[in-house]
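Peer 1: Counting in my numbering, the final residue of the sequence shown is number 1165, and the numbers go up one at a time with none missing.
For each residue, glycine too, the CB sits at the ideal point set by N, CA and C.
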Amino acid sequence: MAFFSLDRLFIVMRREQLGRNHVEKNQQKEFWIFAFRDRLAGLQAFSNCVEVADIYGNGDNKLIVADASKTLKIYDGTSLSKEIRLSAVPSAITVVFAEAGDDQHLPVIAVSCGPDVFMYRKMKPLYRFTAPCVELDEVDVSVWEQLRNGNISAADACTRLKERRMAGVKLSTRSADLLALQGTEERERFVQYHKTKPLSEQDVVTCISSLSLDRVEDGGRSCLVIGTETRHIYVLAEKFTGVHHRVRLPGVPTCIVSLGSFRVDYRIVVACRDGCVYTVKNGELADYSIHSDGAIVQIALCENLVAVATTQNTLSYYKLKGKCEMRVFLPSPITGIATLLDSASGKARGVIVALKSGMVRVYVGKTLLHEAQVYGRVTAMKFGRYGREDAALILVMQNGTLVVEMLHRNASFECKRNQDSGPPGEQDVPIPVPSLTNVFVAQAERERAYSIDMHRLFQRDLTMLRLTTAKAYLSLLSDTHKPAVSPKKTAAPAVPMLGNSVRMITSVQGLGPVFRIRAKIQSISKGVLRDLSLVVSCSCTTYKISNSILCVPFLLPSTVSTCEVLVERLDDNAIDEGICLSVTSSHSLSTLAAVDVRLPDAGFIEDNS
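(1) If we ignore side chains and look at the alpha-carbon of each, how far apart do M915 and F590 end up?
(2) So, with DSSP's three-state summary, where would you put Y844?
(3) If we require 3 or more residues per run, which beta strand (DSSP E) segments fall completely within the region 1097 to 1150?
(4) Span of the alpha helix (DSSP H) holding E1003?
(5) Whose C-alpha, out of A711, A948, N955, Q954, is nearest the C-alpha of E1183?
(6) Is it buried or exposed, C689, if we count other Cβ atoms within 10 angstroms and call 16 or more buried?
(7) Kindly indicate which three-state DSSP category S1093 falls into: helix, strand or coil?
(8) Which whole runs of the alpha helix (DSSP H) in the region 714 to 749 are 4 residues long or more, in chain order?
(9) Ends of the alpha helix (DSSP H) at V772?
(10) Should K638 go down as buried or exposed, given a rule of 16 or more other Cβ atoms within 10 Å for buried?
(11) With 16 other CB atoms within 10 Å as the buried threshold, where does A1075 fall?
(12) Report the three-state DSSP secondary structure of A1048 (helix, strand or coil).
(13) Taking only runs that begin and end inside the region 769 to 816, name each unbroken beta strand (DSSP E) of 3 or more residues, in chain order.
(14) What are the partner residues of V884, as DSSP defines its beta bridges?
(15) For H964, which of helix, strand or coil comes out of DSSP?
(16) Hey, quick one: how far does the alpha helix (DSSP H) through L703 stretch, first residue to last?
(17) Are C669 and A644 closer than 7 Å when you measure CB to CB?
(18) What three-state label does DSSP hand I611 in the structure shown?
(19) Confirm, please, whether the CB-CB distance from T784 to V761 is below 7 Å.
(20) For a test of the three-state rule: what should DSSP assign to S1034, helix, strand or coil?
(21) Using the C-alpha atoms, what's the distance from I782 back to L628?
(22) Quick check on S603: does DSSP put it in helix, strand or coil?
(23) What residue range is occupied by the uninterrupted beta strand (DSSP E) comprising D672?
(24) What does the Cβ neighbour count give for H788, buried or exposed, with the cut at 16 atoms within 10 Å?
(25) On the premise that E607 lies in contact with V651, defined as a C-beta separation below 8 Å, what is that separation, rounded to the nearest angstrom?
(26) Grab the span of the beta strand (DSSP E) containing P889 for me, first residue to last.
(27) Quick check on the DSSP output: the beta strand (DSSP E) that includes D821 runs from which residue to which?
(28) Do the region 769 to 779 and the region 748 to 756 meet, that is, are 3 or more Cβ pairs less than 8 Å apart?
(29) So does the region 697 to 705 actually touch the region 806 to 819, counting three or more Cβ pairs closer than 8 Å?
(30) Excluding sequence positions up to five away, which residues of its chain have a Cβ less than 7 Å from the Cβ of N966?
(31) For the beta strand (DSSP E) containing L596, name the first residue and the last one.
(32) Label L925 either buried or exposed according to how many other C-beta atoms from any shown protein chain fall within 10 Å of its C-beta, with 16 as the threshold for buried.
(33) Please report the distance separating the alpha-carbon of P1049 from that of E1124.
(34) Could you check where the beta strand (DSSP E) with Q1078 kicks off and where it finishes?
(35) How many angstroms separate the CA atom of Y676 from the CA atom of A710?
(36) Please report the distance separating the alpha-carbon of S1114 from that of S1057.
Here is the structure:
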């Protein structure tokens, strides 16, 4: 009965294990549900140019893509429903909710093109905001003013502008174009054409985002945050007509993520081209920053951490003050990341990472939760509501294909804790400390009493060892490369140093009494070695050699020359003294390489066979 109970218990445990494995496999399979793939979409966009919004307020979210073909494309379901022409190539897109005069509570689509930000409601033009002009250098403006009045010549203007540029001052585009011209006539013609025009330079918007006004919720009132090429961050007013705050950054912003509310407490996290992530706290630049390990691809928020994807194939999680909490090394370059949000609570449940190899991974912290193949390189990725679905993953491939997948309702985000995320288990194993003995105690007391003398003796022995080694090396060099002297006591020509220029590897083939010794000679020098010889020496009473000297006419660098020698053992009972193979040269007095070969014992081979 006991054996029967144990067998039954084993069967029950085995069934439970198989059931758990089956559930885990089903969870892995039931993560993403394929919706549709449009291979003829022809989209050209990055992640900052893809957005989803309920444009008409009917609960049906549309996909909005700011395409590189200067077109704003709106997708409804699986088809393209509308296109709007843009004035320039768009750089970013976001969704904001205006505060005043918005009875229907409809979103506003903001698209940045060059220095302008165009805003649409119900896909109809609503407002246009133009970034402030670039503040130019006073000397630069004064030079063009004097050129307009005819007070200075073009040559004098170029001289003054060069001095300002050498001083580290950034000049206007017009001044830089003037200094780029070589001929005097070309500069005069350039000045005559541009001096009557006012000197001004438009800024370029690089990225935009939205910031909540009162409450952090989906569809709440928000304001617009703009990043420009001149390293400025602008927080616009509620009606998009003015600028609330203006912050100067150390780098050019490329990606903006905001958290908090404008009227309570907020943070604006900005990734810049210099590989750093800066934080704007309540309208002021914070003292702390995040220094990544490479150029930043994209950033995303995951709970209270900032996920930073870099070109070094790493996904790092930082606190806002710059401390790195964890880092994941990926096998392929990252093309984009997105935060996987819970549709009910709005909290981050993980980070979606798109790789160059076509893999889309989902990480919960440092643990890989799911991995899927999309069969193409992802250039843009957006996770959010699409249509009537609360959780949809929208992918834009490099070949222009549009892919939409839905998150399975039963997708599990429970994962096993990775052993690398915590301390290793070996540190909990106690170290076996040996018990104290009288010998150990006496030795410890002796080391304490004579520690200085022991250290001095060690240093003396080490110095003597180094001296002996140096003398032996010097003696070897002097004996090897000592020039020959003729009987008339006249100096001979200098002998080239060929030591350590030849490498030889030998192998023995055969079972006896006849063996074949194969020698592979390789030149490891940079020049050509000529007139080499392979000399085989052994006992004449024990071995019989077919050829004791083999000639190698020349040996090219890094090439291998193979020589073979037949050896016959005459007396099996004789003591094996070995066969010496040495490589010599007519241009050197020393042996270039030597190997001592031992032939196998025939009696030992017969016994084993």
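Peer 2: Quick look at the numbers:
(1) The residue you call residue 915 lines up with position 359 of the sequence shown. The residue you call residue 590 lines up with position 34 of the sequence shown. Their Cα atoms are separated by approximately 15 Å.
(2) The residue you call residue 844 lines up with position 288 of the sequence shown. Under the three-state reduction of DSSP output, Y844 falls in the strand class.
(3) When DSSP assignments are scanned along the region 1097 to 1150, the uninterrupted stretches of beta strand (DSSP E) that are 3 or more residues long and fall wholly within it turn out to be 1099 to 1101, 1105 to 1111, 1116 to 1125, 1135 to 1141.
(4) Taking the first residue of the sequence shown as 1, we reach residue 1003 at position 447. Taken as a continuous stretch (DSSP letters only), the alpha helix (DSSP H) holding E1003 covers 994 to 1005.
(5) Any question about residue 1183 goes unanswered here, given that the chain covers just 557 to 1165.
(6) The count along the sequence shown starts at 1 and reaches residue 689 at position 133. Exposed is the call here.
(7) To locate residue 1093, count along the sequence shown from 1; it is residue 537. Reduced to three states, the DSSP call for S1093 is strand.
(8) Listed in chain order, they are 729 to 736.
(9) Start at 1 with the first residue of the sequence shown, and residue 772 comes out as number 216. Element bounds for V772: n/a, residue is neither H nor E.
(10) Taking the first residue of the sequence shown as 1, we reach residue 638 at position 82. Exposed.
(11) Your numbering for residue 1075 matches position 519 in the sequence shown. Looking at its Cβ environment, which holds 16 or more other Cβ atoms inside 10 Å, A1075 is buried.
(12) By one-based count along the sequence shown, residue 1048 stands at place 492. Note on A1048: pLDDT 35, under 50, position unreliable in the model; the coordinate value appears next. For A1048, the secondary structure class from DSSP, reduced to helix, strand or coil, is coil.
(13) Annotation note: the region 769 to 816 contains the following uninterrupted beta strand (DSSP E) runs of length 3 or greater, listed N- to C-terminal: 778 to 784, 788 to 792, 799 to 804.
(14) Along the sequence shown, read from residue 1 onward, the residue named residue 884 stands at position 328. Partner(s): L871.
(15) For the purposes of this step, residue 964 is taken as the residue at position 408 of the sequence shown. Per DSSP, reduced to three states, the secondary structure at H964 is coil, with no helix or strand assignment.
(16) Sequence index remark: in the sequence shown, residue 703 carries index 147 (1-based). That run of the alpha helix (DSSP H) goes 694 to 705.
(17) Position 113 of the sequence shown, counted from the first residue, corresponds to residue 669. Position 88 of the sequence shown, counted from the first residue, corresponds to residue 644. Yes, the Cβ-Cβ distance between C669 and A644 is below 7 Å.
(18) Translated into the one-based positions of the sequence shown, residue 611 becomes position 55. Coil, per DSSP.
(19) What you label residue 761 is simply residue 205 of the sequence shown in a count that begins at 1. What you label residue 784 is simply residue 228 of the sequence shown in a count that begins at 1. It is a contact, given that the beta carbons lie within the stated cut-off.
(20) Counted from its first residue, the sequence shown places residue 1034 at position 478. Looking at S1034 - three-state DSSP - the assignment turns out to be helix.
(21) Taking the first residue of the sequence shown as 1, we reach residue 628 at position 72. Taking the first residue of the sequence shown as 1, we reach residue 782 at position 226. In this structure, the straight-line span from the alpha carbon of L628 to that of I782 is close to 19 Å.
(22) For the purposes of this step, residue 603 is taken as residue 47 along the sequence shown, with counting starting at 1. It is helical.
(23) Here the question's residue 672 lines up with position 116 in the sequence shown. Where D672 is concerned, the enclosing beta strand (DSSP E) stretches over 672 to 677.
(24) Here residue 788 refers to the residue found at position 232 when the sequence shown is read from its first residue. Looking at its Cβ environment, which holds 16 or more other Cβ atoms inside 10 Å, H788 is buried.
(25) Working through the sequence shown from its first residue, we reach residue 651 at position 95. Working through the sequence shown from its first residue, we reach residue 607 at position 51. Contact holds; Cβ gap of about 6 Å.
(26) Reading the sequence shown from its first residue, position 333 is the one you call residue 889. From DSSP, P889 is part of no beta strand (DSSP E); its letter is neither H nor E.
(27) The residue labelled residue 821 in the question sits at position 265 within the sequence shown. Counting along the chain, the beta strand (DSSP E) containing D821 begins and ends at 821 to 828.
(28) In short, these stretches do not touch, since the Cβ pair count stays below three.
(29) Proximity of the region 697 to 705 to the region 806 to 819 falls short of the contact definition, fewer than three beta-carbon pairs being nearer than 8 Å.
(30) The residue you call residue 966 lines up with position 410 of the sequence shown. Once the five neighbours on either side are set aside, the close Cβ partners of N966 are E586.
(31) Start at 1 with the first residue of the sequence shown, and residue 596 comes out as number 40. Neither: L596 is in no beta strand (DSSP E) and is coded neither H nor E.
(32) Within the sequence shown, numbered from 1, the residue matching residue 925 stands at position 369. Under this definition L925 is a buried residue.
(33) Within the sequence shown, the letter at position 493 stands for residue 1049. Within the sequence shown, the letter at position 568 stands for residue 1124. In this prediction, P1049 scores a pLDDT of 39, lower than 50, which makes its location untrustworthy; the coordinate-derived value is nonetheless stated afterwards. Approximately 42 Å, taken between the alpha carbons.
(34) The residue given as residue 1078 occupies position 522 in the sequence shown. Where Q1078 is concerned, the enclosing beta strand (DSSP E) starts and stops at 1070 to 1079.
(35) Within the sequence shown, numbered from 1, the residue matching residue 676 stands at position 120. Within the sequence shown, numbered from 1, the residue matching residue 710 stands at position 154. Near 46 Å, if we compare the C-alpha coordinates of A710 and Y676.
(36) Taking the sequence shown and counting its residues from 1, one reaches residue 1114 at position 558. Taking the sequence shown and counting its residues from 1, one reaches residue 1057 at position 501. Approximately 10 Å between the Cα atoms of the pair.
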